[in-house]
Structures are given as structure tokens and as C-alpha cells.
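The first sequence begins at 1 in full-length UniProt numbering and counts up by one. Even for Gly, the Cβ is constructed at its ideal location relative to N, Cα and C. The structure presented is a predicted model; accordingly, all values stated were derived computationally and were not measured. Working notes, structure below.
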Amino acid sequence: MPEMPEVENIVRGIRKYIVNQKIVDIEIIKGDVIKYPEIKKYKELLIGNSIKAIDRRGKYIILKMDNGILSVIHLRMTGKLLYTLQNQPIDKYSCVVFYLEDGNKLVYADVRRLGTLEVVNTDELSRIKGLYTLGAEPLSKEFTIEYLQNILKGSKSKIKSFLLNQKNIAGLGNIYVDEALFLSKINPLRIATSLNDMEIKRLHEAINKVISAGIEDGGTTFRDYRNGLGGKGSHQEHLYVYNRKGQPCRLCQTVIEKTTVGGRGTYYCPSCQRLDS
DNA sequence: AAGGATACCTGAATGC
DNA sequence: TGCATTCAGGTATCCT
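Here you go:
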């Protein structure tokens, strides 16, 4: 479900409520989402310690604890992290409840339970390979046109698959990739290395544009996504192609098509995003 | 190195 | 109404 703008909104939304709070207890409802270490050890490492900071890297949420350990959460498709008041019912699909010292809770809920919760020491971050190998963040100083040029060079992947690969750019997912390719007028089937300088420049700008719009709109909510306080995003109202199969292109009125690229549903405008010319 | 299929899971939507 | 199939904001792994 959540791509970088959604995860960013979750983190920003709950930060002021949970930082400097101690985790006084942890209730495990569906323990299979905890991947490392084993549940008993996981609880031991967190209970009695305070949350010093909450940050995001790619689609990962990282809680820094005052004992130097990191609690790392990835929401995958349907995970939610919900700050829930003392007197409020917890989500129907709650898996793990972190009880905070002020009586309120931080709840990890996940319908499909594909998400992952892990605890590691700062010196064993490489244990979480997906986090360790992330590429540059959109909107960051590191993410320059030159950076994009360099990573595209020599890649025979289709551009859609290339952009979904977190090792290249961190945080893009199925929605924002389709939107960025539309804005830069690039067909999703194009081979990465075939993009010319003009196209790379447009793509770079489009990625930053869709990601910042997504963040400002509070994320995109189709079904499961909720921010850390349970609210929906509104970016779904501003999408150009994603989930718009059969509807007219907002720029040229051509009917938006849906196909499959690298196993993922892919929306595009056959007129704005030509494969030839 | 790349790309496909498969696996992890459940629920909603669609098809017959 | 019921039952089967398909698909979903993701990624790791195994195999050509």
C-alpha cells in the first residue's frame, strides 16, 4: 500500500505524540509479522526503553530507542502504524500493540500480514538488506540529474521495473512510478539505457514533482492506506493515469490503458507516452 | 545482470 | 446466491 509519500505522512503525523515516550509493554496478537529477533527477545529489547526519534528511509520506518537499538518497520502492502488513544478501540487487524507510558498506544495492524517488524543494533543494520542497499531519496541533495544518468547507464531493465527497484531510487512504488512516467512522457516499456538526456531531465523533475505532491496531499488512499492518526490522503483525486483505465487522459483525452510490466499492473496514456517517436 | 515465476497472506471485486 | 478466479500502494528468493 504505502509508498514514500504515505510513509512520510505516517512518520510526520505521529512523531510529536510518541517521541520521548517509554514503551511500557508490548502485546503480540499476530506474532508472525515479527521477523527478528524471536518474539521473546524482541519484547525484551524494547520494553522499558524510550523512543528517541522516528524517521523514514525509503519505505522503512525507523524508531531510534534510547538504548541505542533500532526498531525497523516495513508496511509492505497493507501495513498500518496507528497512534491510538487510550479509550479508542484498536484496529480490527492489529498484530502488535506498543503501550506507551501516557496510556496511549502505537498499533501495528496489517490485513495481509506481509509487513515486517525487526529490532537491530545500530552496528547490525546490514542485517536488513533491503534497508542497507537503498538508492538515493527523491527530493534529496544526492538525487541529481547526474545521479539518475549514472544509474540508468547500462541498465537493460524496462524503465518501469528500473524505477520500482529500491536499489536505484528509494521510495517509489507502483502508483508514483506510473505517474512520473506519464508526466515525463516516457512509455513504461522503454529500456532504461535508451533514455536521452532530455528524457532523463524530464524524468528527474517528474519524480520529484509527483513525490512532493503526494506528500503534500497526505498520500494516496485507495483502500487500506491511513496515516498514523487514521486519516485518509487525497492524492488519488489528482492522479493522471494510475487506476484510470478506460478514462480520458487529462491532457489529450485519449483513453488510458492498462497493461502488465514486470508483473505489475501499469497504467499509461498510449498517446502521450509513445514507444516509438 | 535481468527477468520471470513463486511465495508470503487476506479480502474485495469480478466472472460465470 | 454461490463458488471460482483475479487482483491489490511490496519485496525476497529461486530459477533460467
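Counting only residues of its own chain and dropping the five nearest sequence neighbours on each side, L251 has a CB closer than 8 Å to the CB of Y240, C269, C272. Going by DSSP, F162 is part of no beta strand (DSSP E) but of the alpha helix (DSSP H) stretching over 159–164. Note that the region 224–243 touches the region 75–82; at least 3 beta-carbon pairs, one per stretch, sit closer than 8 Å. The residue among E257, I54, I34 with its C-alpha nearest the C-alpha of D66 is I54. The distance from the Cβ of Y108 to that of V96 is about 4 Å, consistent with a contact at the 8 Å cut-off.
In the DSSP annotation of this structure, the continuous segment of the alpha helix (DSSP H) that includes F182 starts and ends at 174–183. K160 places its beta carbon less than 7 Å from that of P188. Non-local beta-carbon contacts of L148 in its own chain, meaning distances under 6 Å to residues more than five positions away in sequence, involve I200, H204 in chain order.
Under the 10 Å beta carbon count, K40 is surrounded by fewer than 16 other beta carbons and is classified as exposed.
In this structure, P5 lies near G214, with their beta-carbon atoms less than 7 Å apart.
Within the same chain, Cβ atoms closer than 6 Å to the Cβ of A170 are found at G58, L134, G135, E137, the five residues on either side in sequence being excluded. Apart from sequence neighbours up to five positions away, the residues of its chain that approach Q236 with a beta-carbon distance below 7 Å are T220, T221, F222, ordered along the chain. Listed in chain order, the beta strand (DSSP E) runs fully inside the region 24–65 are 34–36, 51–57, 60–65, counting runs of at least 3 residues. Less than 7 Å divides the Cβ of A206 from the Cβ of L183. Taking a C-beta distance under 7 Å as the contact criterion, G130 and V33 do not qualify as a contact pair. In the three-state DSSP reduction, T193 falls in the helix class (H, G or I). Distance check between M198 and each of E146, E142, G31 places E146 closest, using alpha-carbon atoms only.
For a cut-off of 8 Å, the C-beta gap from N9 to G230 is around 12 Å, too long to register as a contact. Inter-residue distance for Q247 and A192 is about 28 Å (C-alpha atoms, whole angstroms). Of the residues I29, D25, S50, the one whose Cα lies closest to the Cα of Y17 is S50. When the five nearest sequence neighbours on each side are left out, the beta carbons in the same chain lying within less than 8 Å of the beta carbon of L275 are those of N187, L189, R190, in order along the chain. The bridge partners DSSP lists for G265 are T260. Within the model, the alpha-carbon separation for I28 versus I211 is close to 34 Å. If you compare the alpha carbons of Y267, E179, R202 with that of H238, the shortest gap goes to E179.
Following the DSSP letters along the chain, one finds G79 inside the beta strand (DSSP E) bounded by residues 79–84. Secondary structure of P248 (DSSP, three-state): strand.
In the three-state reduction of the DSSP assignment, S155 falls in the coil class.
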